[in-house]
Every structure is written in structure tokens, then in C-alpha cells.
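With the working numbering, letter number 318 in the sequence shown gets 304, and the count goes up by one each step, no holes.
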Amino acid sequence: MNLLMFVGGLVLLVLGANALVRGASKLALSFGISPLVVGLTIVAFGTSAPEVAVSVGAVLDGNADIAIGNVVGSNIFNVLFILGISALIAPLIVNIQLIRQEVPIMLGASLLLLALGLDGKLSFLDGALLFTLLVAYTVFLVVQSRRETQAAKDEYAAEVKPAEVGAWDDKLPMQLLLIVVGLAALVFGSEYLVTAAVSFAKAMGVSDLVIGLTIVAAGTSMPEVATSITAAIKGERDIAVGNVVGSNTFNILGCLGLSGLVSGDMGLVMAPSLLAFDIWVMLAVALACLPVFMTGREIARWEGAVFLGYYVAYVAYLIMASQQHAALPAFSGVMMSFVVPITIVTLVVAMFGSRSKPADPG
-13 MNLLMFVGGL VLLVLGANAL VRGASKLALS FGISPLVVGL TIVAFGTSAP
37 EVAVSVGAVL DGNADIAIGN VVGSNIFNVL FILGISALIA PLIVNIQLIR
87 QEVPIMLGAS LLLLALGLDG KLSFLDGALL FTLLVAYTVF LVVQSRRETQ
137 AAKDEYAAEV KPAEVGAWDD KLPMQLLLIV VGLAALVFGS EYLVTAAVSF
187 AKAMGVSDLV IGLTIVAAGT SMPEVATSIT AAIKGERDIA VGNVVGSNTF
237 NILGCLGLSG LVSGDMGLVM APSLLAFDIW VMLAVALACL PVFMTGREIA
287 RWEGAVFLGY YVAYVAYLIM ASQQHAALPA FSGVMMSFVV PITIVTLVVA
337 MFGSRSKPAD PG
């Protein structure tokens, strides 16, 4: 029953996100908003709608660990798993704007979350600050979009198309219905998913936090998985990367901002293990994007394989730590003494090697 509830909740989240994005996109285009602005805001943030629904729903149900673990785990999953899989399909192009602007913003949001959580909780005021920054970031993107090149506008126009005359979603009532149905599916889907996740945690003997960091995080990231892998297959490889980076920023500012706001005076208590380990992993993953993205301005297949390997190692560590497995000290020692240093040296050498190459005249 719990498995059916989990799968059913996941299906509702994915379908709800798709309906919400479609309805809101068509509605915005009907009012004359440019496809570029719709792509930068509604579509980009819409893929994070399941994270918002689950985190806010978990807070309302009193499960702060799932709410925060969902966001931290999703951000780790997005970079290591989604970009890893996408890069294995085809090396991913990294737009220079991502390196100069979007990744630093994602890093800044991650550092801010760490700073706000040092007192052991996210308060109502912390949530208000995060959400205010999200609004400011969105306004900044919209203003900046007016200066985008025609190529960028054409790219988003191909992705976000207005409803054709005579199409089933070209009328205002149908667009509003899509939005309402999408929101309802997100609400019910999040409720089912959180309930099932808590039951899984109790049955497996692990904490709500570990379930939030793994199963719930992967489940709510399904729209990002679908979007990025589809973009990689279709050759739109910069969209695959931009979707992940934008989603991570929104997860921190939007999901945790709203979660903090609905938590009231109590705030969201952050587990000591989260502050001691998982948030630092999220920060390290965000920081690793810079040297990886700068090596020839692409994510090569071998880098995608490294990302995937680290995600498997991270999940294995969480499971062993939760079970106090006898192999945990040896596993941690190998990772910290050999794997991590070798990876860092390889990335640094690759980054400086790419800088020393002559510029491509084309």
C-alpha cells in the first residue's frame, strides 16, 4: 500500500507539474509575454513545483527533516545524477552566462543557506529573506531578458510555443483549468509521497532525513530528469545544464523560502547531521560545477561518469551511516584519502589545460 501511495504520489507530481507549466505558459503567451521570459521563469521554476509541494506539505505535516532533506538532496541529485546521465548521452555545452552569472548565484544561495542554518534552524524571517531574494532574482531575469540576443529568443520560442488557433488549450478557460488541475495534483501528490516516505523510513529503520535526501529528493526531481535528458537527446545541450542550475537556485530560495514562511514562529529545525555533512556536500557539488564547466566550456562524458560515481558513493554513505555499518570507516577513509584528492587534482589539471589551449578561431 505504501509503495502504491508513493508511486501514485510521484505520478501526480509529474503530471501536475506538466499541467501547471503548460497552462501557465500558454496563459502568459496569450497575454503577450515573450517566450524567453516564460522560459526563464514559468518553465524553469515549474520543474521545481514538486519540490515546493512536497517541502511545504512536509512542513504542514510536521516533518521538517523531509522538507529540508528534499531540497538539499534534490540539489545534490540534480548536479551529480542528472548532469552525469545527460553528459553520458552527449557532452553538454555550458553557456558562458552560466559560468559568469548563474553558477555564482547558485553558489551564493547555497552559502546563504549554510549561514542561515548555523543556529540550527530556518526561522520565519530566514524564509522571508530567501523568498524575497527569489522575487528579486526573477525580476532581474525578466529585465535581463530584454537584452538577450535573437538566437536566445529563438531558442526559447522553439521550446515554448503559443497554443495554435483551434487547439484544445488555446482558450482561456482551458488554460485556467490546466493550472487548477496541476495545482490540485501537486497538493494531493505531495501528501501521498510524504506519507509513504515517512512509512518507508519507519519500516527501513532510517531517519526521515535520509529518506528525504534520497528517495523523496530523486522522486521530486523527475521533471528535471525528463527535461534535461530530453534536451540532451535533442541536441539542446545548454538547456540541459541551465535547467539544473536554475532549478537548484529556485529550490533554495523558493522551496525553503516558502517552507520557512509556513513554519510560523517555530521555524524549521535543521538536523545536526545535515549541518555537519549534507549541506557541505551540496555546497561542494555546487562549487565543483565551476572547474568542470570551465574545462572547455562543456561537461565531458568522463566528467559525467565521475558525477554519477560520486552520487552512488554519497547514497552508499548515507545508507551505511544510517545503519552504522561496519564498513563505514573503511569506505570513508578510501573516499577522503584517495578518490576525492585524485578527482580534485584531475579537475585542476583539466581546467588549466583548457585555459592554455589557443582560442578557437571559429
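Glycine included, each C-beta is placed from N, C-alpha and C at the ideal position. Values in this document were obtained by computation on a predicted structure and should not be read as measured data.
Exercise for review: Give a yes or no on contact between the stretch 241 to 259 and the stretch 278 to 293, applying the rule of three or more CB pairs nearer than 8 Å.
Suggested key: no
Quiz item: Quick one, which of Met208, Ala218 and Phe279 has its alpha-carbon nearest Leu(-4)'s?
Solution: Taking the sequence shown and counting its residues from 1, one reaches residue -4 at position 10. Ranking the options by Cα distance to Leu(-4), first place goes to Met208.
Can you give me the Cβ contacts of Gly319 inside the same chain, cut-off strictly under 6 Å, excluding the 5 residues immediately before and after it? Taking the first residue of the sequence shown as 1, we reach residue 319 at position 333. Cβ within range, chain order: n/a, list empty.
task: Pull up the CB-CB distance for Ala204 and Asp194, whole angstroms please, since I reckon it's below 8 Å.
output: For this step, residue 204 is matched to residue 218 along the sequence shown. For this step, residue 194 is matched to residue 208 along the sequence shown. Not quite, the Cβ-Cβ distance comes to about 15 Å (not below 8 Å), so this is no contact.
Problem - Start-end ranges of the alpha helix (DSSP H) lying completely within the stretch 177 to 230, minimum 4 residues - result: 194 to 197, 203 to 206 and 208 to 220
Exercise. Determine the closest residue to Ile68 out of Ala217, Val255 and Phe236, with distance taken between C-alpha atoms.
Key: As a first step, residue 68 must be located in the sequence shown, where it is residue number 82. Ile68 has its Cα closest to that of Ala217, out of Ala217, Val255 and Phe236.
Beta carbon of Leu172, beta carbon of Gly9: below 7 Å?
The sequence position of residue 172 within the sequence shown is 186, counting from 1. The sequence position of residue 9 within the sequence shown is 23, counting from 1. Not closer than 7 Å, so no.
- Message: What does the Cβ neighbour count give for Ala316, buried or exposed, with the cut at 16 atoms within 10 Å?
- Response: Here residue 316 refers to the residue found at position 330 when the sequence shown is read from its first residue. The residue in question, Ala316, is exposed, as its Cβ has fewer than 16 Cβ neighbours within 10 Å.
TODO: Answer with buried or exposed for Ile201, where buried requires no fewer than 16 other C-beta atoms within 10 angstroms of its C-beta.
DONE: Sequence index remark: in the sequence shown, residue 201 carries index 215 (1-based). Ile201 should be labelled buried.
*Using alpha carbons as the reference points, say which of Lys12, Asp264 and Ala291 lies closest to Ser96.*
Against the sequence shown, residue 96 aligns to sequence position 110. Considering only alpha carbons, the answer is Asp264.
Within the continuous alpha helix (DSSP H) that includes Glu88, where are the two ends?
Taking the first residue of the sequence shown as position 1, residue 88 is located at position 102. Here Glu88 belongs to no alpha helix (DSSP H), and DSSP marks it neither H nor E.
| query | For the candidate residues Gly55, Val278, Val42 and Ile305, whose alpha-carbon lies nearest to that of Met268? | reply | Locating residue 268 in the sequence shown gives position 282, where the first residue counts as 1. With distances taken between Cα atoms, Met268 lies closest to Gly55.
- Since Gly(-6) and Tyr178 are thought to touch, with beta carbons under 8 Å apart, how far apart are those beta carbons, to the nearest angstrom? As a working mapping, residue -6 is identified with position 8 in the sequence shown. As a working mapping, residue 178 is identified with position 192 in the sequence shown. About 6 Å separates the two Cβ atoms, so the contact holds.
* Asked: Does the separation of the CB atoms of Phe31 and Phe293 fall below 7 Å?
  -> Stepping through the sequence shown from its first residue, residue 31 is reached at position 45. Stepping through the sequence shown from its first residue, residue 293 is reached at position 307. No; because the gap between Cβ atoms is not below 7 Å, this pair is not in contact.
Counting beta carbon pairs with one atom in the stretch 34 to 47 and one in the stretch 159 to 176, are three or more of them shorter than 8 Å? yes
Please report the Cβ distance between Asn61 and Ala182, rounded to the nearest whole angstrom; I am assuming they are in contact, meaning their Cβ atoms lie under 8 Å. Counting from 1 along the sequence shown, the entry for residue 61 is found at position 75. Counting from 1 along the sequence shown, the entry for residue 182 is found at position 196. That belief does not hold up - the Cβ atoms of Asn61 and Ala182 are roughly 22 Å apart, past 8 Å.
Is the stretch 81 to 88 touching the stretch 298 to 305 in the sense that three or more CB pairs, one from each, lie closer than 8 Å?
no
Whose C-alpha, out of Gly253, Gly191, Leu15 and Ile52, is nearest the C-alpha of Ser176? Working through the sequence shown from its first residue, we reach residue 176 at position 190. Ser176 has its Cα closest to that of Ile52, out of Gly253, Gly191, Leu15 and Ile52.
Inter-residue CB distance, Glu88 and Val231 (contact presumed, cutoff 8 Å)
Locating residue 88 in the sequence shown gives position 102, counting from the first residue. Locating residue 231 in the sequence shown gives position 245, counting from the first residue. Correct: roughly 5 Å between the Cβ atoms.
One question on the structure: do Ser233 and Ser72 come within less than 7 Å of each other, judged by their Cβ atoms? Working through the sequence shown from its first residue, we reach residue 233 at position 247. Working through the sequence shown from its first residue, we reach residue 72 at position 86. Going by C-beta atoms, Ser233 is not nearer than 7 Å to Ser72.
Contacts around Tyr36, its chain only, beta-carbon distance under 6 Å, and the 5 residues preceding and following it disregarded: Here residue 36 corresponds to residue number 50 of the sequence shown, with the count starting at 1. Before going further, note that residue 36 is Pro rather than Tyr in the sequence given. Correct list, in chain order: Leu(-1), Ala3 and Thr206.
Checklist entry - When the Cα of Gly103 is compared with those of Ile238, Ala307 and Gly191, which residue comes out closest? => result The residue labelled residue 103 in the question sits at position 117 within the sequence shown. That would be Ile238, whose Cα lies nearest to the Cα of Gly103.
Query raised in the report: Roughly how many whole angstroms lie between the Cα atoms of Phe110 and Ala153?
Result: As a first step, residue 110 is located in the sequence shown; it is residue number 124 there, counting from the start. As a first step, residue 153 is located in the sequence shown; it is residue number 167 there, counting from the start. C-alpha separation (whole angstroms): 44 Å.
- Item | Alpha carbon of Val128 to alpha carbon of Met160, nearest angstrom | As a working note, residue 128 is residue 142 in the sequence shown. As a working note, residue 160 is residue 174 in the sequence shown. About 26 Å.
### Query
Assuming Val255 contacts Ala50 under a Cβ cut-off of 8 Å, what Cβ separation, rounded to an integer in Å, is found between them?
Within the sequence shown, the letter at position 269 stands for residue 255. Within the sequence shown, the letter at position 64 stands for residue 50. Correct: roughly 5 Å between the Cβ atoms.
From which residue to which residue does the alpha helix (DSSP H) around Leu69 run?
On the sequence shown, position 83 is the one that residue 69 refers to. Leu69 -> alpha helix (DSSP H) spans Leu69 to Ile75.
Q. Per DSSP, what kind of secondary structure is Lys107 in: helix, strand or coil?
A. Here residue 107 refers to the residue found at position 121 of the sequence shown. Lys107 falls in the strand class under three-state DSSP.
- Query: Is it buried or exposed for Thr33, if we count other Cβ within 10 angstroms and need 16 for buried?
  - Reply: Stepping through the sequence shown from its first residue, residue 33 is reached at position 47. The residue in question, Thr33, is buried, as its Cβ has 16 or more Cβ neighbours within 10 Å.
My guess is that Val271 and Leu66 are in contact by the Cβ rule of under 8 Å, so how many angstroms apart are they, rounded?
Residue 271 sits at position 285 when you count from the first residue of the sequence shown. Residue 66 sits at position 80 when you count from the first residue of the sequence shown. That pair is a contact at about 6 Å.
Q.
Tell me the rounded alpha-carbon separation between Asp155 and Leu162.
A. Your numbering for residue 155 matches position 169 in the sequence shown. Your numbering for residue 162 matches position 176 in the sequence shown. Asp155 and Leu162: Cα-Cα distance of roughly 10 Å.
Original post:
So, using beta-carbon positions, are Phe279 and Ile85 closer together than 7 Å?
Top reply: By 1-based counting over the sequence shown, the position of residue 279 is 293. By 1-based counting over the sequence shown, the position of residue 85 is 99. Closer than 7 Å, so yes.
Item to complete: Identify whether Val80 lies in helix, strand or coil by the three-state DSSP scheme.
Response: Indexing the sequence shown from 1 puts residue 80 at position 94. Here Val80 sits in coil by DSSP.
Practice item. Please go through the same chain and pick out, in chain order, the residues whose beta-carbon is closer than 7 Å to the beta-carbon of Val58, but skip the five residues on each side of it. Key: Taking the sequence shown and counting its residues from 1, the one referred to as residue 58 is at position 72. Correct list, in chain order: Leu199, Leu260, Asp264, Ile265 and Met268.
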